[in-house]
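Worksheet: one structure, shown below.
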Amino acid sequence: MKKIDYLFKTGRISRIVETERGRYLDFFSNSYKENLEHSKFVIEKFPRWSIISGYYAMHDLAKLFLADKFSIKVDFNVHLTVIELFGEIIKDKELAKMLNIGYKEFLNLLNDLATAKGQRTKAQYYTGTKFMKEKYQKEAKIFLESTVTNFINRIREAKNDNTSD
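Start counting at 1 in the sequence shown, then tack on 4, and there's your number in this note's numbering.
Listed below in structure tokens is the structure:
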């Protein structure tokens with residue numbers, strides 16, 4: 005928990021004020037769903053944007069999870085901080101137990117999020133050749149079907165959220 009204390013002290017994370025909690029949770033609840041829908045919608049014509057949107061669906065859902073379960077808002081160096089927070093949660097066996105999710109499963113979530121960030125970065129800066137577009141069409145489908153969908157389902161399970169998209 006020392007890392008989490010450090011993140012609070014340095015202003016990378018903060019507690020959500022109760023009066024803004026509902027608005028914050030609503031925003032990320034809608035945002036991850038919009039990003040997921042966008043990822044599906046553009047997968048054929050704009051595959052790199054499908055990967056980018058898929059990652060952002062995962063990232064926003066991770067922020068929603070942190071806010072909902074721990075009242076934590078990520079304020080600075082957001083992408084890395086979210087990944088670091090997930091890493092800290094796994095280290096704390098009591099938190100993992102409290103979430104009714106095993107250490108191994110939570111480690112898989114962390115790995116998926118970190119891997120997705122790398123995929124998003126690669127996709128964001130590819131050259132627009134026909135070969136690369138075809139390559140990213142294949143990668144986008146695999147990424148959406150395996151990484152994004154699995155991450156979202158596992159986070160929903162950890163949050164006890166059984167809604168579907």
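For every residue, glycine included, the Cβ atom is placed at its ideal position computed from N, Cα and C.
Using a Cβ-Cβ cutoff of less than 8 angstroms, which residues in the same chain neighbour residue i once the five nearest sequence positions on both sides are dropped?
| i | result |
| --- | --- |
| Ile20 | Tyr28, Ala71, Ser75, Ile76 and Lys77 |
| Leu117 | Met62, His63, Ala66, Val86, Ile87, Phe90 and Phe155 |
| Phe69 | Ile159, Ala162 and Lys163 |
| Leu114 | Ile87, Phe90, Gly91 and Ile94 |
Let me know the secondary structure DSSP gives residue i once reduced to three states.
| i | result |
| --- | --- |
| Lys49 | coil |
| Arg19 | strand |
Please work out which residues of its chain come closer than 7 angstroms, Cβ to Cβ, to residue i, disregarding the five sequence neighbours upstream and downstream, and give them in chain order.
| i | result |
| --- | --- |
| Thr85 | Leu11, Arg16, Ile17 and Val78 |
| Ser43 | Ser54, Ser57, Gly58, Ala61, Leu148 and Val152 |
| Lys137 | Pro51 |
Can you check which of these residues, the options, is closest to residue i by C-alpha distance?
| i | options | result |
| --- | --- | --- |
| Trp53 | Gln123, Phe31 and Leu89 | Gln123 |
| Gln141 | Thr23, Ile47 and Lys6 | Ile47 |
| Lys6 | Thr153, Ala162, Lys145 and Glu88 | Glu88 |
| Met62 | Thr119, Ile94 and Ile93 | Thr119 |
| Arg160 | Glu24, Arg25, Thr23 and Lys73 | Lys73 |
| Asp9 | Ile93, Thr23, Thr153 and Ser43 | Ile93 |
| Thr133 | Arg25, Pro51 and Ser33 | Pro51 |
| Asn180 | Thr153, Thr14 and Met136 | This structure cannot speak to residue 180, because the chain is shown only from 5 to 169. |
| Lys121 | Asn157, Asn112, His83 and Lys137 | His83 |
Exposed or buried, residue i, counting other C-beta atoms within 10 Å across all chains shown (16 or more means buried)?
| i | result |
| --- | --- |
| Ser57 | buried |
| Ile146 | exposed |
| Glu149 | exposed |
| Glu143 | buried |
| Phe135 | exposed |
| Lys45 | According to the sequence displayed, residue 45 carries Phe and not Lys. Burial call: exposed. |
Between which residues of its own chain and residue i is the CB-CB distance below 6 angstroms, once the five residues before and five after are set aside?
| i | result |
| --- | --- |
| Lys139 | none |
>> Across the region 32-44 and the region 121-141, are there enough close Cβ pairs to call them in contact, namely three or more that are closer than 8 angstroms?
In response: no
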